[in-house]
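Colleague: Anchor point for the sequence shown: position 61 equals 61 in our numbering, and the numbering is continuous, going up by one each time.
Ideal placement from N, C-alpha and C gives every residue a C-beta, glycine not left out.
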Amino acid sequence: MQKTLALFDIDGTLTTADTMFAFARHAVGTTRFVCSLVLLSPMLVLARFGLIHRGAAKGRMLRWMFRGHSRDHLEAAAITFVHTVLPGLLRAAGIQQVRAHHAQGHEVFFVSASLDLWLAPFAAQQDATLICTPTHWAQDRFVGLGGPNCRGVEKVRRLKEQVDLASYPSIAAYGDSSGDTEMLAIATTAHFKPFRDG
């Protein structure tokens, strides 16, 4: 059997919405979430247009939203998020494709800019290896990103740390944004904005 690697972006590819915002709202409540977005909107706009670093903006936003919440609280919230909120955001056709790759004995990786805090339980549920932005904890509190934002060239760099891409004659990649361009470029079969009908 030919070795095949299946690489899936998550936000916008397997889901219809950004899991970071969905998880933050779930973890801290709608009122705090909305107030935080209003307060931080100037920074988020600057990040959107590349005027400040996306990773730095992400870390600051989440640190502000999660202030006062313990690691135990946030990790428990991640479990309930995966079981109660995330199913409503998943593209059915995308999850079917994940399962199809598993059924053929392919190695499945989820490669995302979102954090392991809420993606690790989802990846475990789907039996996928996770490559994503790590969480930094200090004294049982969220303090920011534990490494580079896993987007663009960082996705490929992290993949190469874990697997020998040259050993896979077949690489299928699924993505939906400019943050996936480099990952799609290493694939033998690239799918841009798939699963839009499900």
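Name the DSSP beta bridge partners of arginine 141, please?
Modeller: Position 141 of the sequence shown holds residue 141. Beta-bridge pairing links arginine 141 to Ser70, Ala138.
Colleague: Which value, in whole angstroms, describes the spacing of the CA atoms of phenylalanine 110 and valine 38?
Modeller: In the sequence shown, residue 110 corresponds to position 110, counting from 1. In the sequence shown, residue 38 corresponds to position 38, counting from 1. The alpha-carbon atoms of phenylalanine 110 and valine 38 are separated by roughly 31 angstroms.
Colleague: Helix or strand or just coil, what does DSSP make of threonine 31?
Modeller: As a first step, residue 31 must be located in the sequence shown, where it is residue number 31. Helix at threonine 31.
Colleague: What would DSSP say about valine 163, mapped onto helix, strand or coil?
Modeller: If you number the sequence shown from 1, residue 163 lands on position 163. Here valine 163 sits in coil by DSSP.
Colleague: Taking the alpha-carbon of glycine 29 as reference, which of Phe81, Ser41, Cys132 has the nearest alpha-carbon?
Modeller: Walking along the sequence shown from the start, residue 29 turns up at place 29. Glycine 29 has its Cα closest to that of Phe81, out of Phe81, Ser41, Cys132.
Colleague: Taking contact to mean 3 or more Cβ pairs, one atom from each stretch, closer than 8 angstroms, check whether the segment 89 to 105 and the segment 52 to 65 are in contact.
Modeller: Judged by Cβ distances under 8 angstroms, the segment 89 to 105 makes no contact with the segment 52 to 65, as fewer than three pairs qualify.
Colleague: Only counting the same chain, and skipping five residues up and downstream in sequence, which positions put a Cβ closer than 6 angstroms to that of proline 194?
Modeller: Locating residue 194 in the sequence shown gives position 194, where the first residue counts as 1. For proline 194, where only same-chain residues beyond five positions count, the Cβ hits under 6 angstroms are Tyr174.
Colleague: Measuring straight from C-alpha to C-alpha, what distance separates leucine 74 and leucine 90?
Modeller: The count along the sequence shown starts at 1 and reaches residue 74 at position 74. The count along the sequence shown starts at 1 and reaches residue 90 at position 90. About 21 angstroms.
Colleague: Looking at the structure shown, is isoleucine 95 part of a helix, part of a strand, or coil, going by DSSP?
Modeller: Taking the sequence shown and counting its residues from 1, one reaches residue 95 at position 95. Of the three classes helix, strand and coil, the one that applies to isoleucine 95 here is helix, per DSSP.
Colleague: Can you check which of these residues, Thr13, Asp11, Leu115, is closest to lysine 58 by C-alpha distance?
Modeller: Walking along the sequence shown from the start, residue 58 turns up at place 58. Comparing Cα-Cα distances from lysine 58 to each of Thr13, Asp11, Leu115, the minimum goes to Leu115.
Colleague: Comparing alpha-carbon positions, which option in Ser170, Pro169, Ala185, Tyr168 lies nearest aspartate 176?
Modeller: As a working note, residue 176 is residue 176 in the sequence shown. Nearest of Ser170, Pro169, Ala185, Tyr168 to aspartate 176, Cα basis: Ala185.
Colleague: Can you find the residues in the same chain that come closer than 7 angstroms, C-beta to C-beta, to alanine 17, ignoring five residues on each side of it along the sequence?
Modeller: Within the sequence shown, numbered from 1, the residue matching residue 17 stands at position 17. Closer than 7 angstroms at the Cβ level, and outside the excluded window around alanine 17, lie Leu89.
Colleague: Select from Met43, Ala47, Asp9 the residue whose C-alpha is nearest the C-alpha of alanine 128.
Modeller: The residue you call residue 128 lines up with position 128 of the sequence shown. When only C-alpha atoms are compared, the closest one is Asp9.
Colleague: Look up leucine 39 in the DSSP assignment and give the residues it is bridged to.
Modeller: Translated into positions along the sequence shown, residue 39 becomes position 39. For leucine 39, which the question treats as bridged, DSSP gives no partner whatsoever.
Colleague: Let me confirm a value: glutamine 97 is counted as buried when at least 16 other C-beta atoms fall within 10 Å, else exposed. Which label applies?
Modeller: By 1-based counting over the sequence shown, the position of residue 97 is 97. So glutamine 97 ends up on the buried side.
Colleague: Have a look at the DSSP bridge pairing and note the partners of histidine 191.
Modeller: For the purposes of this step, residue 191 is taken as the residue at position 191 of the sequence shown. DSSP, once it has assigned bridges, lists Tyr174 as partnering histidine 191.
Colleague: Can you tell me whether threonine 31 is buried or exposed, with buried defined as 16 or more other CB within 10 angstroms of its CB?
Modeller: By one-based count along the sequence shown, residue 31 stands at place 31. It counts as exposed.
Colleague: Tell me, please, which residues DSSP counts as bridged to alanine 6.
Modeller: The count along the sequence shown starts at 1 and reaches residue 6 at position 6. DSSP lists Val108, Ala172 as partners of alanine 6.
Colleague: Run through DSSP, which three-state label would leucine 62 get?
Modeller: The sequence position of residue 62 within the sequence shown is 62, counting from 1. Helix at leucine 62.
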